[in-house]
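Asks: In the working numbering, the protein residues as written are 2 to 290.
Where a beta carbon is used, it is the ideal one built from N, C-alpha and C, also for glycine.
Please read these numbers as outputs of a predicted model, since none were measured by experiment.
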């Protein structure tokens, strides 16, 4: 539309010049008509860059949208560009926990505009929807989630759960406005120092308890090993004692006596052992001398 107005202004200027300089009057329409046509054609051309959507406005009224690329539209229509690329907002928020402790969170939100909802968002909110809708809803979602959790949960392994809850709450609210939440990144959580020290002490105590539990389990296993070993020795002795009978011992005594009697050395034989076997003492050469 700006080019149309510029063309009209140039045409009026040429008409005024034609009146001032009569020799230009026969040629003025040869200049005015091409200028008006060129301005009209250029005003019809609308180019939407990549990653954007064009909102068409005619006399203050929204007349739809056009996607990225080259388009020919009404020359009187103006166009507002809205980005549909991924955008980022960062929030340094102070929010209370379930116990009422003030916590500091640094959270990042990735989002983009739904191209199908661009006209409705532009009509209801305007091009500055990021400041008017997204940021306030983001802050509200952060506070709404932190107040449901204790401070220790914000500090420990539940951080991913908290980020997911912020995502769910924010995505539900912004979807109604035509904004798609892609991801919530919980970058840092800062608690009061006294709370941090209490949490660290508890974690250290838990680690010590786990270490002692491990030692107890190890001692129990060692005691069980020794019990099994002692039982094995006891069973061995029982089996051996059952296998050695009195008859076997007597037979072994007779064999030993027989072998000793066959020896060439001098011997002293004493008869009358309680088991009926002779007692034979070997008398060496030194004894004989």
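1) Just to confirm the assignment: which complete beta strand (DSSP E) runs, minimum length 3, are found wholly within the stretch 96-142?
2) Assuming residue 89 and residue 111 form a contact by the criterion Cβ under 8 Å, report the distance between their Cβ atoms to the nearest whole angstrom.
3) Going by the beta-carbon positions, is the gap between residue 104 and residue 147 smaller than 9 Å?
4) With 16 other CB atoms within 10 Å as the buried threshold, where does residue 53 fall?
5) Can you give the beta carbon distance from residue 108 to residue 57, rounded, assuming they're within the 8 Å contact cut?
6) Would you kindly check if the distance between the Cβ of residue 190 and the Cβ of residue 160 is under 9 Å?
7) What separation, rounded to the nearest whole angstrom, lies between the Cα atoms of residue 235 and residue 220?
8) With DSSP as the reference, identify every bridge partner of residue 66, one or two as the case may be.
9) Please give the ranges of any beta strand (DSSP E) in the stretch 168-196, keeping only runs that are unbroken, at least 3 residues long and fully inside the region.
10) Among the residues of its own chain, which have a CB less than 7 Å from the CB of residue 65, if the five just before and after it don't count?
11) Residue 142 and residue 171 - do their beta-carbons sit closer together than 9 Å?
12) Give the secondary structure of residue 151 by DSSP, where H, G and I count as helix, E and B as strand, and everything else as coil.
13) Beta-carbon within less than 7 Å of residue 47's beta-carbon, same chain only, minus the 5 sequence neighbours each way: which residues are those?
14) In angstroms with no decimal places, state the Cα-to-Cα distance between residue 117 and residue 124.
15) Verify whether the separation of the beta carbon atoms of residue 152 and residue 192 is less than 9 Å.
16) Within 10 angstroms of the Cβ of residue 183, are there 16 or more other Cβ atoms? Answer buried if so, exposed if not.
17) Report the partner residues of residue 88 according to the DSSP bridge assignment.
18) Starting from residue 46, trace the beta strand (DSSP E) both ways and give me its first and last residue.
19) Excluding five sequence neighbours on each side, which residues of the same chain lie with their C-beta closer than 7 Å to the C-beta of residue 181?
20) When you compare only the Cα positions, how much space is there between residue 128 and residue 85?
21) Leaving out five residues on either side along the sequence, give the residues of the same chain with a beta carbon under 7 Å from the beta carbon of residue 100.
22) Identify which residue in 91, 232 and 135 has its Cα closest to the Cα of residue 178.
23) Near residue 287, which residues of its chain fall below 6 Å by C-beta distance, leaving aside the five closest residues on each side in sequence?
24) Based on DSSP bridge pairs, tell me the residues matched to residue 71.
Replies: Let's see:
1) Those beta strand (DSSP E) runs which fall completely within the stretch 96-142 and span 3+ residues are 103-114.
2) Here the question's residue 89 lines up with position 88 in the chain shown. Here the question's residue 111 lines up with position 110 in the chain shown. Between residue 111 and residue 89 the Cβ distance is about 6 Å, and since that is below 8 Å, they are a contact.
3) By 1-based counting over the chain shown, the position of residue 104 is 103. By 1-based counting over the chain shown, the position of residue 147 is 146. Yes, the pair counts as a contact, with Cβ atoms nearer than the cut-off.
4) Start at 1 with the first residue of the chain shown, and residue 53 comes out as number 52. A residue is called buried when at least 16 other Cβ atoms come within 10 angstroms of its Cβ; residue 53 meets this threshold and is buried.
5) For the purposes of this step, residue 108 is taken as residue 107 along the chain shown, with counting starting at 1. For the purposes of this step, residue 57 is taken as residue 56 along the chain shown, with counting starting at 1. Beta-carbon to beta-carbon, residue 108 and residue 57 are separated by about 36 Å, too far to satisfy the 8 Å threshold.
6) Taking the chain shown and counting its residues from 1, the one referred to as residue 160 is at position 159. Taking the chain shown and counting its residues from 1, the one referred to as residue 190 is at position 189. Yes, the pair counts as a contact, with Cβ atoms nearer than the cut-off.
7) Within the chain shown, the letter at position 234 stands for residue 235. Within the chain shown, the letter at position 219 stands for residue 220. Rounded to the nearest whole angstrom, the C-alpha separation of residue 235 and residue 220 is 22 Å.
8) For the purposes of this step, residue 66 is identified with residue 65 of the chain shown, where counting begins at 1. Secondary-structure assignment with DSSP links residue 66 through a beta bridge to 56.
9) Listed in chain order, they are 180-191.
10) Taking the first residue of the chain shown as 1, we reach residue 65 at position 64. These residues qualify, in order along the chain: 57 and 120.
11) In the chain shown, the residue the question calls residue 171 occupies position 170. In the chain shown, the residue the question calls residue 142 occupies position 141. Going by C-beta atoms, residue 171 is nearer than 9 Å to residue 142.
12) Position 150 of the chain shown holds residue 151. Look at residue 151 here: in three-state DSSP terms it is coil, with no helix or strand label.
13) As a position in the chain shown, residue 47 is number 46, starting the count at 1. Exclusion of the five residues before and after residue 47 leaves 55, 67, 72, 74 and 80 as the residues of its chain whose Cβ lies within less than 7 Å of its Cβ.
14) Residue numbering aside, residue 117 sits at position 116 when the chain shown is read from its first letter. Residue numbering aside, residue 124 sits at position 123 when the chain shown is read from its first letter. Across the structure, residue 117 and residue 124 are spaced so that their CA atoms are roughly 13 Å apart.
15) Locating residue 152 in the chain shown gives position 151, counting from the first residue. Locating residue 192 in the chain shown gives position 191, counting from the first residue. The answer is yes: Cβ separation under 9 Å.
16) Sequence index remark: in the chain shown, residue 183 carries index 182 (1-based). Counting the other CB atoms within 10 Å of its CB gives residue 183 a total below 16, which places it among the exposed residues.
17) Taking the chain shown and counting its residues from 1, the one referred to as residue 88 is at position 87. The partner list for residue 88 (beta bridge, DSSP) reads 112.
18) Taking the chain shown and counting its residues from 1, the one referred to as residue 46 is at position 45. First-last of the beta strand (DSSP E) with residue 46: 46-49.
19) The residue given as residue 181 occupies position 180 in the chain shown. The beta carbon of residue 181 is closer than 7 Å to those of 112, 113 and 115 in its chain, skipping five residues each way along the sequence.
20) Locating residue 128 in the chain shown gives position 127, where the first residue counts as 1. Locating residue 85 in the chain shown gives position 84, where the first residue counts as 1. Residue 128 and residue 85 have their C-alpha atoms spaced approximately 12 Å apart.
21) Position 99 of the chain shown, counted from the first residue, corresponds to residue 100. Closer than 7 Å at the Cβ level, and outside the excluded window around residue 100, lie 151 and 152.
22) Locating residue 178 in the chain shown gives position 177, counting from the first residue. Here the closest residue by C-alpha is 135.
23) The sequence position of residue 287 within the chain shown is 286, counting from 1. At residue 287 the pLDDT is 48, less than 50, meaning the model places this residue with poor confidence; the figure from the coordinates comes in the next sentence. Cβ neighbours of residue 287 beyond the five flanking positions: none.
24) For this step, residue 71 is matched to residue 70 along the chain shown. Residue pairing by DSSP places residue 71 opposite 48 in a beta bridge.
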